[in-house]
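Reading through the structure tokens given below for one structure.
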Amino acid sequence: MARFNMSDFNRKMRDAQRKVQQQVNREVDRINRENKRAVDNYNRKAKAHNKRVIDNYNRQVDAHNKRVIADYKARVRDHSRRTEAENRKLVSDINRKLRSASSPVRYSEQERQLADRVNRAVGTLDPREYDTFLSYARIDGSEVAGALREALEELGVAVWFDEIAIVPGRSQSLQMDAGLRKARSGIALLTPAYLTGRFWTERELGALLGKQTLIPVLHGVTFDDVKEYSGILPDLAGFSTESDGIETIAEKIAAAVLIEAGNTADD
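Shown next as structure tokens:
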């Protein structure tokens, strides 16, 4: 009887274990490959499905947004047309009232010529953000300028006024230059301090003289004072607080700077 060989037995056991392990590993690899193919295939299908869903949703959102934007633009256009028509009618009514023979406001012949000239000239300019720029000296003109601005704005005139328009913390000169550019006309409130030729007022007046329309308003000075101050003003036509109150002057200016619909220089 052959003797039991432990070493040979152990070797055969290890060989058998290796073979089993190899078979297991091959089977695991096969299963892993199949699982990977299944997962990859599922991911491709899921990605394609998600893309279709997302594309369809985006198309619906884009179509909805386009409809909303188109509707909003249409409503804005309608509102703008209505507002423009209402503004034209308002301006026309104001002008007709202020400039009619039955108006309580009375012009001298010189004032009438100035208002007519300003009205014709303003009508030839491109629309700006402001109807007029109010230039004044704060030392002695602040109170009157403020009252004139309020009276003009109550009549629908958009006035560039430094105390309202200038934003603190930003360049005052740049903001003033922007206001001068955006205003279609200018008002110079001529007071004794203004006629002393201060830097800011001289700078503003120089810019306003470059416009086609400049309306002098005298307060505390005479036309002779203005003439003595400088020959820089194009003429001595203007309004004076000695002859009229602020509200009346504002009405006369409003009638000149507010443009009726379709008004041109050829009217």
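Sequence positions in the sequence shown follow our numbering and run 102 to 368. The C-beta atom is built at its ideal place from N, Cα and C for all residues, glycine as well.
What are the start and end residues of each continuous alpha helix (DSSP H) run of 4 or more residues lying completely inside the region 248 to 292, in chain order?
263 to 266 and 273 to 283
Delimiting residues of the alpha helix (DSSP H) encompassing Phe324:
Phe324 to Tyr330
Just reading off the beta strand (DSSP E) that Leu315 is part of, what are its end residues?
Leu315 to Leu319
Can you tell me the Cα-Cα spacing of Arg112 and Asn144, whole angstroms?
Arg112 and Asn144 have their C-alpha atoms some 47 angstroms from each other.
Which same chain residues, not among the five before or five after Met114, have their C-beta less than 7 angstroms away from its C-beta?
none
Taking the alpha-carbon of Ala357 as reference, which of Ile240, Val258, Asp345 and Tyr295 has the nearest alpha-carbon?
Val258
Tell me, to the nearest whole angstrom, how far the beta carbon of Val245 is from that of Leu290; I am working on the premise that it is less than 8 angstroms.
6 angstroms
Let's test the definition: count the other Cβ atoms within 10 Å of the Cβ of Lys353 and tell me whether it reaches 16, buried, or not, exposed.
Answer is buried; the Cβ neighbour count reaches 16.
Could you pull out every residue in the same chain whose Cβ sits closer than 6 angstroms to the Cβ of Arg176, ignoring the five residues on either side in sequence?
none
With a Cβ-Cβ cutoff of 8 angstroms, do Glu305 and Leu281 count as a contact?
yes
Val125 to Asn133, Cα distance in whole Å?
12 angstroms
By the DSSP assignment, the alpha helix (DSSP H) with Thr302 in it spans what residues?
First-last of the alpha helix (DSSP H) with Thr302: Phe300 to Leu309.
According to DSSP, Met235 sits in a beta bridge with which residue or residues?
Here residue 235 turns out to be Leu, not Met, going by the sequence shown. Note: Leu235 sits in a beta bridge opposite Ile288.
In terms of residue numbering, what span does the alpha helix (DSSP H) encompassing Ala355 cover?
Ile347 to Val358 is the extent of the alpha helix (DSSP H) around Ala355.
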